[in-house]
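Protein sequences, first through last, are from chains A and B.
With the first letter of the first sequence counted as 1, position 298 gets the number 298 in this note's numbering; the numbers rise by one all the way through.
Add 1000 to the 1-based position in the second sequence for this note's numbering, that's all there is to it.
2 protein chains.
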Amino acid sequence: MATIKDVAGAAGVSVATVSRVLNDNGYVHKETRIRVMAAMEKLNYYPNEVARSLYKRESRLIGLLLPDITNPFFPQLARGAEDELNREGYRLIFGNSDEELNKELEYLQTFKQNHVAGIIAATNYPHLEEYSGIDQPVVFLDRTPEGAPSVSSDGHTGGKLAAEAIVHGKSKHITLLKGPAHLPTAQDRFHGALEVLQQAGVDFQIIETASFSFKDAQALAKELFVLYPETDGVIASNDIQAAAVLHEALRHGKKVPEDIQIIGYDDIPQSELLFPPLSTIKQPAYDMGKEAAKLLLSIIKKQPLAETAIQMPVMYIRRNTTRKEENDA
Amino acid sequence: MATIKDVAGAAGVSVATVSRVLNDNGYVHKETRIRVMAAMEKLNYYPNEVARSLYKRESRLIGLLLPDITNPFFPQLARGAEDELNREGYRLIFGNSDEELNKELEYLQTFKQNHVAGIIAATNYPHLEEYSGIDQPVVFLDRTPEGAPSVSSDGHTGGKLAAEAIVHGKSKHITLLKGPAHLPTAQDRFHGALEVLQQAGVDFQIIETASFSFKDAQALAKELFVLYPETDGVIASNDIQAAAVLHEALRHGKKVPEDIQIIGYDDIPQSELLFPPLSTIKQPAYDMGKEAAKLLLSIIKKQPLAETAIQMPVMYIRRNTTRKEENDA
């Protein structure tokens, strides 16, 4: 591969002159400039990506910030974004913030410093000053601030659908898992479910949960049946929690859904493999990632936007951990 | 934040001169250079990361290539690498090759062009020319070539342990799932298991599997009980396959492990949440990622290396889908 030295040699100028042509700064005589550019073309010399992105301030790289890659929901989002971006000739690099502000700031800095063309951020901190001071377009995904370009799903409706499924299936002693207080998405679905339970006038209690981790889900499921052994309906805050509750219910010899109904949230690929397969609220994770990528590309290409805050529909998927509604066919 | 123009103004020189100082190319008078550097220090001006990595050819960025982020095994690897790298002040960016050569090459190019300090590659193509022509140190993870720095786990022994568990639990009609033919890791465990089954002289058959995807796992599990309804022991090629087989066995009304034993491979976090919880061969995914990061950092820092091909031990985790060996306590 040709180097900058080869170009300088072929054009009969110094490396510094080639560099000035590339940089487009400092005086270079017009004829010299043409000679340098001809040499570059002849030698098939392209300044590397860094040099190009440095001087032209553009790249085909998109940064994606995810809060937790070990939660199967997020790799699905990522795959959707990735497929769409690849189709359009962009590449996606990921950073995993692990829900830590510090790491998120570091990745933002990394993305900016490497001059990504745009950022897709699934962040817990959409109101960070760092997002408003950013040169590159940002699309928020899943966890979104008002007024900014974003793709999310309708968590409030999702929570309502989950609670309705449990209420219609005639559970009498319902336990509602609140989900981490610091995650707005978890709180949206919680409030949706709460609204339905209050209106239905059923007996229910709430357990607060610290995180979405596997370890916490297991501990929570054990605690649930100690605190509320009469529970006959559980509205979980995500599928991992629901899987842990299902496990614990079966371990206690309960029949699902006859003795106890359980509903999850997300519809991660694993949920269909559980036995009985898990009823859940489907978030269209892959499509959400895809839409976020489309929106970001439209912004990068300065295309007119139909809408900038896209909310995707959620859907109740009845499998075998909830009972059929009486008016079902 | 100060810009290059501010520095030029403060030093009383042109932007091109500041640029030459930064680039360390082209003639700059010593006194001028000192004046520029003093101005940079006074204004707290640091050339951005790209500029620095361009000229100094170093960065604190590590590229990690993963074959499939939707397989929960790989996010665990990534988390291990990430924690170790963060501890040492490096940042990790991910690329997901989706098991496609094309995408892998593109990510390698992206990593190189952005001057990462090193690369950790979980690749299906460790013998690619692109890996030998690379300036940055590369550590291969999980899927490894001979002679190169690498971290893997002992798949052959893992396969043997899996088959021994099923044989010792007295299954009579065993089905061995072969795993994707193009994945050396899957083939290692397959050959280990095959060796044990042949030596034991038990009745067994083999089913070939095309991929590790959820969809394929479900189809495969259904096919298994159609082709070999008398199967009373299944050695799966990974935990996702095993989960699908467990699901299908329970759906057929079989008791696990009384009627049929099932063993997985990997020990992804989900496996403990299945019911009955899945017996499996544990690969220390998180620690493998951590070791790969340590090895890479040692190479980057030019530290003496004790060993460059690290093979981590695997372990049989008996949960409730395999029977106790007769000589167990």
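For each residue, glycine too, the CB sits at the ideal point set by N, CA and C.
Check whether chain B comes within 8 Å of residue i, counting only Cβ atoms and requiring the distance to be less than that.
i, result
"Ile260 of chain A", "no"
"Thr3 of chain A", "no"
"Ala244 of chain A", "yes"
"Pro67 of chain A", "no"
With a cut-off of 8 Å, does the C-beta of residue i fall near any C-beta of chain A?
i, result
"Pro1126 of chain B", "no"
"His1029 of chain B", "no"
"Asn1114 of chain B", "yes"
"His1191 of chain B", "no"
"His1173 of chain B", "no"
"His1247 of chain B", "yes"
"Ala1329 of chain B", "Its pLDDT being 43, under 50, Ala1329 of chain B is placed unreliably by the model, and nothing is read from it."
"Ala1186 of chain B", "no"
"Gly1009 of chain B", "no"
By the 10 Å Cβ neighbour count, where 16 or more other Cβ atoms means buried, how is residue i classified, buried or exposed?
i, result
"Leu77 of chain A", "buried"
"Gln1136 of chain B", "buried"
"Val1226 of chain B", "exposed"
"Ala16 of chain A", "buried"
"Ala1329 of chain B", "Per-residue confidence for Ala1329 of chain B stands at a pLDDT of 43, beneath the threshold of 50, marking its modelled position as unreliable; the derived number appears in the next sentence. Classification for Ala1329 of chain B: exposed."
"Pro1313 of chain B", "exposed"
"Ala181 of chain A", "exposed"
"Leu1101 of chain B", "exposed"
"His1247 of chain B", "buried"
"Arg1087 of chain B", "exposed"
"Glu272 of chain A", "buried"
"Pro72 of chain A", "buried"
"Pro1276 of chain B", "buried"
"His1115 of chain B", "buried"
"Gly1012 of chain B", "exposed"
"Tyr27 of chain A", "exposed"
"Lys172 of chain A", "exposed"
"Pro1067 of chain B", "buried"
"Pro1229 of chain B", "exposed"
"Asp1267 of chain B", "buried"
Kindly indicate the opening and closing residues of the beta strand (DSSP E) around residue i.
i, result
"His173 of chain A", "173 to 177"
"Val1234 of chain B", "1233 to 1235"
"Val1245 of chain B", "Note, Val1245 of chain B: premise wrong, no beta strand (DSSP E); alpha helix (DSSP H) at 1239 to 1251."
"Tyr1265 of chain B", "1261 to 1266"
"Gly169 of chain A", "Here Gly169 of chain A belongs to no beta strand (DSSP E), and DSSP marks it neither H nor E."
"Phe140 of chain A", "138 to 141"
"Phe275 of chain A", "From DSSP, Phe275 of chain A is part of no beta strand (DSSP E); its letter is neither H nor E."
"Gly63 of chain A", "61 to 66"
"Tyr316 of chain A", "315 to 317"
"Ser1150 of chain B", "1150 to 1153"
"Ser1279 of chain B", "1279 to 1282"
"Ala121 of chain A", "118 to 121"
"Gln1303 of chain B", "Here Gln1303 of chain B belongs to no beta strand (DSSP E), and DSSP marks it neither H nor E."
So which residues on chain A does residue i lean against when the C-beta distance must stay under 7 Å?
i, result
"Ile1207 of chain B", "The contacting residues do not exist; Ile1207 of chain B stays about 18 Å from chain A at best."
"Arg1035 of chain B", "Going along chain A, no residue has its Cβ under 7 Å from Arg1035 of chain B, so there is no contact; the nearest lies around 18 Å."
Using a Cβ cut-off of 8 Å, pull out every chain A residue sitting near residue i, in sequence order please.
i, result
"Pro1269 of chain B", "Thr70, Phe214"
"Thr1110 of chain B", "Glu49, Leu61, Arg91, Ile93"
"Arg1251 of chain B", "Phe275"
Could you give the residue range of the alpha helix (DSSP H) that holds residue i?
i, result
"Asp203 of chain A", "Here Asp203 of chain A belongs to no alpha helix (DSSP H); instead the beta strand (DSSP E) covers 203 to 207."
"Lys1222 of chain B", "1214 to 1227"
"Thr185 of chain A", "184 to 200"
"Leu1296 of chain B", "1285 to 1300"
"Tyr1085 of chain B", "According to the sequence as given, residue 1085 of chain B is Leu; it is not Tyr. Per DSSP, Leu1085 of chain B belongs to the alpha helix (DSSP H) from 1073 to 1087."
"Lys5 of chain A", "4 to 11"
"Ser1097 of chain B", "Element bounds for Ser1097 of chain B: n/a, residue is neither H nor E."
"Ser1132 of chain B", "1129 to 1132"
So residue i contacts chain B; which residues on that side make the cut at Cβ distance below 9 Å?
i, result
"Leu141 of chain A", "Chain B residues near Leu141 of chain A: none, gap ~15 Å exceeds 9 Å."
For the region 1076 to 1107 of chain B, which residues have a CB atom closer than 8 Å to at least one CB atom of chain A, in sequence order? Gln1076, Ala1078, Arg1079, Glu1082, Asn1086, Arg1091, Leu1092, Ile1093, Phe1094, Gly1095, Asn1096, Asp1098, Lys1103, Glu1106, Tyr1107
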